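Asks: Supplied in structure tokens, the structure appears directly below.
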Amino acid sequence: MPALIFRRRAAAAAPKPIQQYLAGLSTAVEHVIPEDNGHIAGGEENKKRWVELPPFAPLDANATARAISRGDGGEGACSNATAIRWVRHCCPHVPASLVQKLFRLRKVKKNLVTADTSSTDSITLQLRLRRVSAKDELVPGDILFLPVNIQESSVTEKTKKFGNKNEIDFLRDLEIYKDRAIIVLNKPPGMPVQGGVGIKNSIDILAPMFENGSSEVPRLVHRLDRDCSGVLVLGRTQFSASLMHAIFREKTADALGDGTQQVLQRKYVALVIGRPRHPKGLLSAPLAKVVLQDGRSERLTVCAGSNTASVQDALTEYRVIESFPQGYTWLELFPRTGRKHQLRVHCAEVLGTPIVGDYKYGRQAHQNWMPLPMPQTIDKEMLKKRKLPFGLTLGGGSVAEQQPQLHLHCKQMILPDISAAMQQLRSSDADHDFSDLEKLSFVAPLPLHMQLSWKILLSVGK
4 MPALIFRRRA AAAAPKPIQQ YLAGLSTAVE HVIPEDNGHI AGGEENKKRW
54 VELPPFAPLD ANATARAISR GDGGEGACSN ATAIRWVRHC CPHVPASLVQ
104 KLFRLRKVKK NLVTADTSST DSITLQLRLR RVSAKDELVP GDILFLPVNI
154 QESSVTEKTK KFGNKNEIDF LRDLEIYKDR AIIVLNKPPG MPVQGGVGIK
204 NSIDILAPMF ENGSSEVPRL VHRLDRDCSG VLVLGRTQFS ASLMHAIFRE
254 KTADALGDGT QQVLQRKYVA LVIGRPRHPK GLLSAPLAKV VLQDGRSERL
304 TVCAGSNTAS VQDALTEYRV IESFPQGYTW LELFPRTGRK HQLRVHCAEV
354 LGTPIVGDYK YGRQAHQNWM PLPMPQTIDK EMLKKRKLPF GLTLGGGSVA
404 EQQPQLHLHC KQMILPDISA AMQQLRSSDA DHDFSDLEKL SFVAPLPLHM
454 QLSWKILLSV GK
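The numbering used here numbers the first residue of the sequence shown as 4 and each following residue consecutively.
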């Protein structure tokens, strides 16, 4: 079997853009290449073929996120990476367990170029492969090869069970925005973001349906509670997801520092029971995890002491939108940090105004719940309950119901243009300037049950 020959030309061929590789392994070139011992890799009996990954280009999501947060250049935004990290970066659809298995079985190879002067017409370069371990450090330009059967990804298998057109159309209608780096959704209430015990459908499980024929599976970069709705961002590639993760972490770090950086902003709308003492303010109340008496469930609570390792500082700005004589208040909430259940705990335990429909942190306030009367002026179409795909329901859950849904909605998110930042990083220019990155603003309309509650309160208050 002839070896793959690279001929030296007067002008070196332009490198393939990294996005071509990241579009999916199905577009990568297959090779039959000898190993370093001179034999065909995998043996003649198997005639093993290989998929070529993109040349290693060191990018550091954490350093890049810090540079974007500071709004300056990307100095220090590069770092070395191990072979396993680069494989996972280029093959996000391949389960981590399978990637580890490939390294364990020594099936991941690295290019080894040797000169061959036996040819009379020109000097040729022969590409041979040698085994690489998971922790081997790569240098820029290193190329890794995987067995071609790695293309038999589980992505297509995952999407087979979602063949219902109504389900696909429903998911696509959730999209607010999409570019090369991110997808922004208006998450409906009642849909889990992450899978778990007893959860059949969630955003991360259904994520392949937001792409059409791509081997890249969108990834979560932050979370919303199951019954919370609103703006939810997914990363379309592993690096964009890692970069967004790092930006969310930087947001928290900045808030706990001098608080001057606002590279990422979120605004929630909530309907609460009661009225805060002040029309606006900043809540600074650390949270700690508490295991309940059954030992199987837990909740978060405000913790005065800071001597416990599990205590996390949490900051929330709030502003009263409007209060009603029936004892309800609409709030705008601006989380400076991103702690689990932060807004729900701060509303219930710090402001003393639990969110309507929050039975975990506002159970006592809901024990004597009295639904408000439904005004006759309400449009009857808003009162119809309709079944949606994935077991969701449209309609009901307002303050006129015996059991209202959670009234917490991420209405707006402002974040830097990650796609433009990634384009800079992939350019040949070594100096990156993130100071003029455009800010993108995404707004998600209120869910039907919160719209209905707003109309009910306005009508009853007249």
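All C-beta atoms, glycine included, are put in the ideal place defined by N, C-alpha and C. Quick caveat: nothing in here was measured; it's all calculated off a predicted structure.
1) Pull up the CB-CB distance for residue 225 and residue 251, whole angstroms please, since I reckon it's below 8 Å.
2) Distance, Cα to Cα, residue 7 vs residue 53?
3) Mapping DSSP to helix, strand and coil, what is residue 169?
4) Does residue 468 come out as helix, strand or coil in the three-state DSSP assignment?
5) Less than 8 Å between C-beta atoms, sequence neighbours within five positions excluded: which residues of the same chain meet that for residue 102?
6) Within 10 Å of its beta-carbon, does residue 425 have 16 or more other beta-carbons around it, so buried, or fewer, so exposed?
7) With a cut-off of 8 Å, do at least 3 Cβ pairs link the segment 350-367 to the segment 398-413?
8) What are the start and end residues of the alpha helix (DSSP H) that includes residue 346?
9) Which residues in the same chain have their Cβ closer than 7 Å to the Cβ of residue 355, if we skip the five residues on either side of it in sequence?
10) Excluding the five sequence neighbours on either side, which residues of its own chain have a C-beta within less than 7 Å of the C-beta of residue 323, listed in chain order?
11) Give the C-beta separation of residue 141 and residue 114 to the nearest angstrom, bearing in mind that I take them to be a contact with Cβ-Cβ under 8 Å.
12) Do you know offhand how far residue 417's Cα is from residue 187's?
13) Going by DSSP, which residues form a beta bridge with residue 315?
14) Closest to residue 340 by CA distance: which of 254, 285, 421 and 420 is it?
15) Quick one: is residue 380 buried, meaning 16 or more other Cβ sit within 10 Å of its Cβ, or exposed?
16) Tell me the DSSP secondary structure of residue 455 in three-state form.
17) The beta strand (DSSP E) spanning residue 393 covers which residue range?
18) State the DSSP-derived secondary structure class of residue 300, mapped to helix, strand or coil.
19) Return the residue from the list 227, 182 and 198 that minimises the CA-CA distance to residue 213.
20) Which stretch, first to last residue, makes up the beta strand (DSSP E) that contains residue 268?
21) List the endpoints of the continuous beta strand (DSSP E) containing residue 190.
22) Between the beta-carbon of residue 447 and the beta-carbon of residue 236, is there less than 8 Å?
23) Output the boundary residues of the beta strand (DSSP E) element that contains residue 418.
24) Are the CB atoms of residue 232 and residue 195 within a distance shorter than 8 Å?
25) Taking the C-alpha atoms as reference points, what is the distance between residue 71 and residue 437?
26) In angstroms with no decimal places, state the Cα-to-Cα distance between residue 342 and residue 85.
27) How is residue 450 classed by DSSP in three states: helix, strand or coil?
28) Just mark residue 230 as buried or exposed, buried being the case when its beta carbon has 16 or more other beta carbons within 10 Å.
29) Closest to residue 171 by C-alpha separation, out of 148, 150, 215 and 320, would be which residue?
30) Between which two residues does the alpha helix (DSSP H) holding residue 104 run?
31) In the DSSP assignment, find the beta strand (DSSP E) that holds residue 90 and state where it starts and stops.
32) Is residue 363 closer than 8 Å to residue 271 when the C-beta atoms are compared?
33) Rounded to whole angstroms, what's the CA-CA distance from residue 288 to residue 461? Just pull it up for me.
34) Between the Cα of residue 244 and those of 290, 219 and 391, spot the shortest distance and give me the residue it belongs to.
35) Could you give the residue range of the alpha helix (DSSP H) that holds residue 2?
36) Output the distance between the C-alpha atoms of residue 208 and residue 176, rounded to the nearest integer angstrom.
Replies: Considering the structure as presented:
1) That pair is a contact at about 5 Å.
2) Confidence at residue 7 is low in this model, with a pLDDT of 36, below 50, so its placement is unreliable and no value can be given for it.
3) DSSP places residue 169 in helix when its eight states are reduced to three.
4) Any property of residue 468 remains undetermined from this structure, which presents the chain solely from 4 to 465.
5) Closer than 8 Å at Cβ, skipping near neighbours: 87, 90, 91 and 94.
6) By the 10 Å Cβ count, residue 425 comes out buried.
7) Flag = yes, the segment 350-367 and the segment 398-413 touch.
8) For residue 346, the enclosing alpha helix (DSSP H) stretches over residues 345-348.
9) Close CB contacts of residue 355 within its chain, under the 7 Å cut and outside five residues either way in sequence, are with 277 (chain order).
10) Counting only Cβ-Cβ distances below 7 Å, and skipping sequence neighbours, we find 279, 282, 283, 332 and 334.
11) No, residue 141 and residue 114 are not in contact; Cβ-Cβ is about 11 Å, not under 8 Å.
12) Here the C-alpha atom of residue 417 lies approximately 11 Å from the C-alpha atom of residue 187.
13) Answer is 290.
14) Nearest of 254, 285, 421 and 420 to residue 340, Cα basis: 254.
15) That one is exposed.
16) The answer is helix: DSSP assigns residue 455 an H, G or I state.
17) Unbroken run through residue 393: none, as it is neither H nor E.
18) Three-state result, residue 300: coil.
19) Checked all of 227, 182 and 198; the closest Cα to residue 213 is 182.
20) 268-276 is the extent of the beta strand (DSSP E) around residue 268.
21) Taken as a continuous stretch (DSSP letters only), the beta strand (DSSP E) holding residue 190 covers 185-190.
22) In this structure, the beta-carbon distance from residue 447 to residue 236 does not fall below 8 Å.
23) DSSP places residue 418 inside the beta strand (DSSP E), whose first and last residues are 411-419.
24) Not in contact: residue 195 and residue 232 (Cβ atoms no closer than 8 Å).
25) Cα to Cα, residue 71 sits roughly 6 Å from residue 437.
26) Distance between the alpha carbons of residue 342 and residue 85 is about 31 Å.
27) DSSP places residue 450 in coil when its eight states are reduced to three.
28) When all chains shown are included, residue 230 counts as buried.
29) For residue 171, the closest C-alpha among the options 148, 150, 215 and 320 is that of 215.
30) The continuous alpha helix (DSSP H) containing residue 104 extends over residues 99-107.
31) Careful: residue 90 lies outside any beta strand (DSSP E), inside the alpha helix (DSSP H) at 86-93.
32) For residue 271 and residue 363, no; Cβs fall outside 8 Å.
33) Computed Cα separation, rounded: 32 Å.
34) Ranked by Cα distance from residue 244, the first of 290, 219 and 391 is 219.
35) Look at the range of the chain in this structure, 4 to 465, and you will see that residue 2 is not part of it.
36) Taking the straight line from one Cα to the other gives about 17 Å.
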